[in-house]
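Visitor:
In full-length UniProt numbering, the protein residues as written are 1 to 196.
Structural data, given as structure tokens:
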């Protein structure tokens, strides 16, 4: 085998490995190196071009959270299970981000279906946190619209993001990790919230 064929095989293997781990860096079957650099550095790289970007306050810190190791352990409850040794389906109860990290290694790219019922940022009282609104002053500081003393640094004081940035910071890592668990033909179902 000549060196050109070997290089082509290696490049294909690297590209497919990146596609499995970071599917969001591919655009029209080509690698967007700015997105790859952003994922690897944990920082948002802003570049002026004709593309749309979905950014929000705190997004640059999420890649560090996604890549931080899990410290928990999954422990089966055979007494509550039905025919545990002969079934291939499992139900897991636990903090979902930690659990997703624990499942990545053994189930990467193997899961057929994921069903989630996330919080919808309605502000209503549930077992889990469902109000992600942060104080206006904190949001304006985080987004660089005011300094630590409360002085305006911009004339455009947009505040509606404070209702959604924390929710996006909560959801993005979970959906990112869940996507990596899915097979190529896998699906994720997200329960629709129905307002009362």
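Idealized CB from N, CA, C, for every residue including glycine.
(1) DSSP on residue 90, reduced to helix/strand/coil?
(2) Among 58, 67, 182, 141, which has the Cα closest to the Cα of residue 167?
(3) Output the distance between the C-alpha atoms of residue 11 and residue 74, rounded to the nearest integer angstrom.
(4) What's the gap between the Cα of residue 178 and the Cα of residue 81?
(5) Considering Cα atoms alone, identify which of 95, 175, 171 is closest to residue 114.
(6) Closest to residue 185 by CA distance: which of 112, 103, 36 is it?
(7) Do residue 102 and residue 63 count as a contact pair if the criterion is CB distance below 8 Å?
(8) Going by DSSP in three states, residue 95 sits in which element: helix, strand or coil?
(9) Measure from the alpha carbon of residue 172 to the alpha carbon of each residue in 26, 67, 20, 41, then state which is nearest.
(10) Look at the alpha carbon of residue 118 and the alpha carbon of residue 16, and state the distance between them as a whole number of angstroms.
(11) At the level of alpha carbons, what is the spacing between residue 91 and residue 85?
(12) Over what stretch of residues does the beta strand (DSSP E) that includes residue 189 continue unbroken?
(13) Would you tell me roughly how many angstroms separate the C-alpha atoms of residue 19 and residue 183, rounded to the nearest one?
(14) Report buried or exposed for residue 25, applying the criterion of at least 16 other Cβ atoms within 10 angstroms of its Cβ.
(15) Within the continuous alpha helix (DSSP H) that includes residue 63, where are the two ends?
(16) Based on DSSP bridge pairs, tell me the residues matched to residue 30.
Guide: Inspection of the coordinates gives the following:
(1) coil
(2) 58
(3) 36 Å
(4) When rounded, the separation of the alpha-carbon atoms in residue 178 and residue 81 is 24 Å.
(5) For residue 114, the nearest C-alpha among the options comes from 175.
(6) 112
(7) no
(8) coil
(9) 67
(10) 31 Å
(11) Taking the straight line from one Cα to the other gives about 14 Å.
(12) Its beta strand (DSSP E) spans residues 182 to 190.
(13) Going from the Cα of residue 19 to the Cα of residue 183 covers about 12 Å.
(14) buried
(15) Bounds of the alpha helix (DSSP H) holding residue 63 are 62 to 67.
(16) 27
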